[in-house]
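Residue numbers (my numbering): 50 to 128. The structure appears below as structure tokens.
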């Protein structure tokens, strides 16, 4: 078992990680695992929760970043 490190997860990683996890849990990746480990092999990552939490955090932060950018632009225009 290898515990995931969510602190290293960046925005673009979410979509790629979701695709890879889906493949491993119920797609072509699972077929490859079963070819090696046997027909009853299962892959459970638990990473779906981490990716979803990261996406929710990014969605929550987006308006704050937009307001900050507007504020910086306003100050730059005044100066």
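We put the beta carbon where it would ideally sit given N, CA and C, even for glycine.
(request) Tell me where the alpha helix (DSSP H) around residue 53 begins and ends. (result) Neither: residue 53 is in no alpha helix (DSSP H) and is coded neither H nor E.
(request) Report buried or exposed for residue 124, applying the criterion of at least 16 other Cβ atoms within 10 angstroms of its Cβ. (result) exposed
(message) Considering Cα atoms alone, identify which of 103, 93, 59, 80 is closest to residue 70.
(response) Of the candidates 103, 93, 59, 80, the one whose C-alpha sits nearest the C-alpha of residue 70 is 93.
(request) Check whether the Cβ atoms of residue 60 and residue 100 lie closer than 7 angstroms to each other. (result) Not closer than 7 angstroms, so no.
(request) From the DSSP output, in three-state form, read off residue 1 for me. (result) With the chain covering 50 to 128 only, the question about residue 1 has no answer from this structure.
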